[in-house]
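A.B. asks: Reading the sequence shown from the start, the letters are residues 0 to 573 in numbering that gives the first Met the number 0.
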Amino acid sequence: MEKQSFKRKTIGQILVQQGSLNPDQIPYLVEKRNASTKRFGEVCVGDGLITEENLARALAEQFGLDYVDARGVRLNESLLATLPPDAIYRYQFVPLEEEDGTLVVLIADPTDVLKLDELELLLDRPFIVKLATETAIATILKKGEATSRVLKEVSEDFMLQLVKENEKGEEILSMEKISADTSPIIKLVNSTVMDALTRRASDIHIETALEGVIIKYRIDGVLYRATEPLDIHFQAPIISRLKVMSELDISERRIPQDGRFKVRLNDKAIDFRVSIMPSAFGEDAVIRILDKESIASDLKGLTLETLGMHPREMKRLRRKIREPYGMVLVTGPTGSGKTTTLYAALTEIHTGEEKIITIEDPVEYVLRGIVQIPVNEKKGLTFARGLRSILRHDPDKIMVGEIRDPETAQIAVQSALTGHLVFTTVHANNAFDVLGRFIHMGIDPYNFVSCLNCVMAQRLVRKACPHCKYPVEHSDSVLIESGLDPEECRDVTFYESRGCEECNGTGYRGRSAIIELLDLNDQMRELIMAKAPAAQLKAAARESGTVFLRESAIEKVFAGETTLREINRVTFVE
């Protein structure tokens with residue numbers, strides 16, 4: 000009997016048939032593929048000739064598989080519970096559904112036969128493969144609750160077994176490593192960090208109380224409990240592990256300690272700052288996550304528009320940041336987005352024709368084409384000392400991360416008076432408190448108001464989750480308590496949110512800036528020099544176009560972006 004030869008079509012032929020590629024492009028692409036380690040499809044996507052979806056559809060045709068548009072697909076929690084907790088991350092697949100004992104899974108690469116064989120052994124049941132794009136699968140896995148399930152499982156079966164380590168350099172973190180680590184303490188710390196990154200947390204709090212060790216995340220500025228309390232006996236090993244990672248003194252338990260460590264996750268470096276503090280029950284820790292790259296991806300490029308500012312304030316601020324010299328001052332409490340606003344301002348004015356230098360503690364986000372200097376107190380590089388050196392480095396524009404002391408304030412004011420444009424932040428409650436703060440630092444009021452272009456007070460309000468927000472009616476008493484006139488609010492639609500999978504049950508997703516911008520015009524300068532009362536300053540500011548923080552927040556409520564409850568948390572009725 001004559002053997003039938005079966006020859007599979009090439010990806011190139013299928014893409015040409017689909018109309019995604021021109022036959023004339025094939026020789027060039029083959030040549031380029033031969034000169035690199037990439038596959039033909041990857042070269043086409045890399046050159047922007049086809050989309051990821053075109054490639055996935057072509058692969059599906061080549062291997063006789065179904066293609067699934069996975070946008071909007073969510074992880075099936077009941078199916079997930081039947082799989083090992085880290086499996087979907089290790090093999091990058093999504094369990095879609097189960098039909099008569101056969102599992103349907105989504106994968107991106109049908110050519111990786113070895114991985115499919117391993118997956119078959121792991122699942123220990125028949126399965127059908129369907130194709131989706133790599134990006135779609137990564138998005139589903141990122142949104143899923145699997146990392147928190149790993150954390151839950153790790154914290155449930157806890158045994159005390161601390162492995163002492165003295166490694167230096169970077170911690171490599173991945174789901175495979177978490178599942179492979181033998182020490183439960185290392186597993187717990189790693190899976191906590193992984194879960195916090197998945198949930199977009201900015202800080203991890205490890206607190207010790209009577210009921211045990213409690214892990215919390217700060218997401219969009221608010222703390223949420225991550226796990227049930229762990230046994231109090233695990234407090235010392237967890238803190239010791241964090242000290243080892245941050246190269247701190249394990250034997251010292253009576254004084255506060257600060258350190259940092261770096262984690263590499265999917266070819267992305269993430270910095271963590273660790274603060275250890277003695278408490279009544281031992282020691283507590285707070286880990287600040289400085290994910291420099293996620294700022295850029297979340298904001299899709301750092302500009303003033305992406306911060307959610309009102310166009311009115313944006314227009315006024317843009318005018319001030321483009322002035323040739325003077326000082327632009329941003330104020331607000333810790334975590335109110337001051338530094339991000341200044342980054343956005345620097346990105347907007349950076350043309351490459353001027354030298355821009357920043358001094359920060361720490362450098363939170365790397366800006367292209369801008370010289371950024373991290374403060375190093377241990378080595379004697381303070382804000383004041385660094386700022387002096389910057390002035391000898393021929394800058395046009397300078398950003399000082401924070402003014403903390405009279406010396407830094409004095410140099411910053413002098414720099415603004417001598418032809419530099421200085422961007423800086425200071426801790427104060429509103430735009431008017433800043434004036435008193437600088438005078439209290441011993442700065443000459445005349446010099447200060449002369450150099451000042453504008454003062455901007457900023458807060459961040461959480462945005463109501465678009466997937467689960469719903470309209471509500473507030474009673475007149477609630478509106479009056481919030482400083483609103485019930486009659487004026489009759490036609491306004493207010494919102495609340497239930498909490499859903501998209502927002503991790505919080506009801507909010509992402510944050511938006513509310514701004515109070517005080518323009519320093521001649522009238523304002525004269526009033527400040529004459530030590531006019533605050534009420535008179537506010538009246539003059541209102542006349543010159545300043546919208547106060549509370550008013551800015553109410554505008555966002557009226558626009559349906561946030562809730563009355565949220566703005567009452569962030570601002571108060573004047």
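Beta carbons: idealized from backbone N, C-alpha and C, even for Gly. Being a predicted model, the structure only gives us computed values, none of them experimental.
1) How about VAL93 and ILE127: do their beta carbons lie closer than 9 Å?
2) Within the continuous beta strand (DSSP E) that includes ARG510, where are the two ends?
3) Between the alpha carbons of LEU574 and ALA268, how many angstroms are there, rounded?
4) Roughly how many whole angstroms lie between the Cα atoms of GLU347 and LEU303?
5) Using 10 angstroms around the beta-carbon of MET528, count the other beta-carbons present and answer buried if the total reaches 16, otherwise exposed.
6) In the DSSP assignment, the beta strand (DSSP E) including TYR494 goes from what residue to what residue?
7) First and last residue of the alpha helix (DSSP H) that includes PRO465?
8) DSSP on LYS537, reduced to helix/strand/coil?
9) Can you list, in chain order, the residues of its chain with a C-beta nearer than 6 Å to that of GLY418? Leave out the 5 residues immediately preceding and following it.
10) Is it the case that the Cβ atoms of ASP425 and VAL433 are separated by a distance below 9 Å?
11) Can you give, in chain order, each stretch of the beta strand (DSSP E) that sits fully within the segment 379 to 448 and has at least 3 residues?
12) Is there a C-beta anywhere in chain D that falls below 9 Å from the one on PHE62?
13) If you draw a straight line from the C-alpha of PRO444 to the C-alpha of GLY544, how long is it?
14) Since VAL454 and LEU517 should fall inside the 8 Å C-beta cutoff, what is the C-beta to C-beta distance between them, to a whole number of angstroms?
15) Leaving out five residues on either side along the sequence, give the residues of the same chain with a beta carbon under 8 Å from the beta carbon of GLY400.
16) Which two residues bound the contiguous beta strand (DSSP E) that contains LYS215?
17) With a cut-off of 8 Å, do at least 3 Cβ pairs link the segment 310 to 329 to the segment 224 to 233?
18) Between the Cα of TYR507 and those of LYS242, HIS466, GLU487 and LEU478, spot the shortest distance and give me the residue it belongs to.
19) Is DSSP giving GLY258 helix, strand or coil here?
20) To test your reading of the DSSP string, which unbroken alpha helix (DSSP H) runs of 4 or more residues are found completely within the segment 304 to 384?
21) Identify the continuous alpha helix (DSSP H) that holds PHE39 and give its terminal residues.
22) In this structure, how does DSSP classify THR570 when only helix, strand and coil are distinguished?
23) Please classify ILE254: is it buried, with 16 or more other beta-carbons within 10 angstroms of its beta-carbon, or exposed?
24) GLU573 and ARG549 - do their beta-carbons sit closer together than 9 Å?
25) Using 8 Å for Cβ pairs, my map puts LYS462 next to GLY509. What's the rounded Cβ distance?
26) Should TYR27 be labelled buried (16 or more other beta-carbon atoms within 10 Å of its own) or exposed?
27) Could you give the DSSP three-state label for GLU97: helix, strand or coil?
28) For the beta strand (DSSP E) containing PHE126, list its first residue and its last residue.
29) For the ligand HEM, is there a heavy atom less than 8 Å away from the beta-carbon of GLU487?
30) How many whole angstroms separate the CB atoms of SER481 and LEU563, which I take to be in contact at a CB cut-off of 8 Å?
31) Please report the distance separating the alpha-carbon of ILE10 from that of ILE49.
32) Going by the beta-carbon positions, is the gap between HIS349 and LEU366 smaller than 9 Å?
33) How should ARG7 be labelled, buried or exposed, when 16 other C-beta atoms within 10 angstroms of its C-beta is the threshold for buried?
34) Is it buried or exposed, GLY331, if we count other Cβ atoms within 10 angstroms and call 16 or more buried?
35) Exposed or buried, what is ARG497 when buried is set at 16 or more other beta-carbons lying within 10 Å of its beta-carbon?
C.D. replies: According to the structure shown:
1) Taking the first residue of the sequence shown as position 1, residue 93 is located at position 94. Taking the first residue of the sequence shown as position 1, residue 127 is located at position 128. Not a contact, by the Cβ cut-off of 9 Å.
2) Residue numbering aside, residue 510 sits at position 511 when the sequence shown is read from its first letter. Run containing ARG510: 507 to 518, per the beta strand (DSSP E) assignment.
3) Given a span of 0 to 573 for the chain in the structure shown, any question on residue 574 remains unanswerable.
4) By one-based count along the sequence shown, residue 347 stands at place 348. By one-based count along the sequence shown, residue 303 stands at place 304. Near 8 Å, if we compare the C-alpha coordinates of LEU303 and GLU347.
5) Residue mapping note: residue 528 aligns to position 529 of the sequence shown, counting from 1. So MET528 counts as exposed.
6) By 1-based counting over the sequence shown, the position of residue 494 is 495. 493 to 496 is the span of the beta strand (DSSP E), which, as asked, contains TYR494.
7) Indexing the sequence shown from 1 puts residue 465 at position 466. Per DSSP, PRO465 belongs to no alpha helix (DSSP H) and is neither H nor E.
8) Taking the sequence shown and counting its residues from 1, one reaches residue 537 at position 538. Three-state result, LYS537: helix.
9) If you number the sequence shown from 1, residue 418 lands on position 419. So the qualifying residues of the chain are TYR324.
10) Translated into the one-based positions of the sequence shown, residue 425 becomes position 426. Translated into the one-based positions of the sequence shown, residue 433 becomes position 434. For the record, residue 425 in the displayed sequence is Val; it is not Asp. Yes, Cβ-Cβ distance for VAL425 and VAL433 is below 9 Å.
11) 396 to 399 and 420 to 425
12) Checking the listed chains, one finds no chain D in this structure; it contains a single protein chain.
13) Looking up residue 444 in the sequence shown gives position 445. Looking up residue 544 in the sequence shown gives position 545. Those two C-alpha atoms are separated by around 24 Å.
14) Translated into positions along the sequence shown, residue 454 becomes position 455. Translated into positions along the sequence shown, residue 517 becomes position 518. Sure, about 4 Å apart at Cβ, within 8 Å.
15) Taking the sequence shown and counting its residues from 1, the one referred to as residue 400 is at position 401. Once the five neighbours on either side are set aside, the close Cβ partners of GLY400 are THR338, THR357, ILE358, GLU359, ASP360, VAL374, PHE382, THR423 and THR424.
16) Counting from 1 along the sequence shown, the entry for residue 215 is found at position 216. That run of the beta strand (DSSP E) goes 211 to 218.
17) no
18) Within the sequence shown, residue 507 is the residue found at index 508, counting from 1. Considering only alpha carbons, the answer is HIS466.
19) Here residue 258 refers to the residue found at position 259 of the sequence shown. Three-state result, GLY258: strand.
20) 310 to 320 and 337 to 348
21) Residue 39 sits at position 40 when you count from the first residue of the sequence shown. Run containing PHE39: 39 to 45, per the alpha helix (DSSP H) assignment.
22) The residue given as residue 570 occupies position 571 in the sequence shown. Three-state result, THR570: coil.
23) Start at 1 with the first residue of the sequence shown, and residue 254 comes out as number 255. Flag for ILE254 reads exposed.
24) By one-based count along the sequence shown, residue 549 stands at place 550. By one-based count along the sequence shown, residue 573 stands at place 574. Between ARG549 and GLU573, the C-beta spacing is below 9 Å.
25) Within the sequence shown, residue 462 is the residue found at index 463, counting from 1. Within the sequence shown, residue 509 is the residue found at index 510, counting from 1. Right, the Cβ-Cβ distance comes to about 5 Å (below 8 Å), so this counts as a contact.
26) Here residue 27 corresponds to residue number 28 of the sequence shown, with the count starting at 1. Exposed, because fewer than 16 other Cβ atoms sit within 10 Å of the Cβ of TYR27.
27) On the sequence shown, position 98 is the one that residue 97 refers to. DSSP places GLU97 in strand when its eight states are reduced to three.
28) Counting from one through the sequence shown, the residue named residue 126 turns up at place 127. PHE126 -> beta strand (DSSP E) spans 126 to 130.
29) Ligands are entirely absent from the displayed structure, and the ligand HEM is therefore not among its contents.
30) The residue given as residue 481 occupies position 482 in the sequence shown. The residue given as residue 563 occupies position 564 in the sequence shown. Correct: roughly 6 Å between the Cβ atoms.
31) Walking along the sequence shown from the start, residue 10 turns up at place 11. Walking along the sequence shown from the start, residue 49 turns up at place 50. Roughly 12 Å between the two C-alpha positions.
32) Numbered from its first residue, the sequence shown carries residue 349 at position 350. Numbered from its first residue, the sequence shown carries residue 366 at position 367. Between HIS349 and LEU366, the C-beta gap is smaller than 9 Å, which places the two residues in contact.
33) Numbered from its first residue, the sequence shown carries residue 7 at position 8. That one is exposed.
34) For the purposes of this step, residue 331 is identified with residue 332 of the sequence shown, where counting begins at 1. With 16 or more Cβ atoms within 10 Å of its Cβ, GLY331 is classed as buried.
35) Locating residue 497 in the sequence shown gives position 498, counting from the first residue. ARG497 should be labelled exposed.
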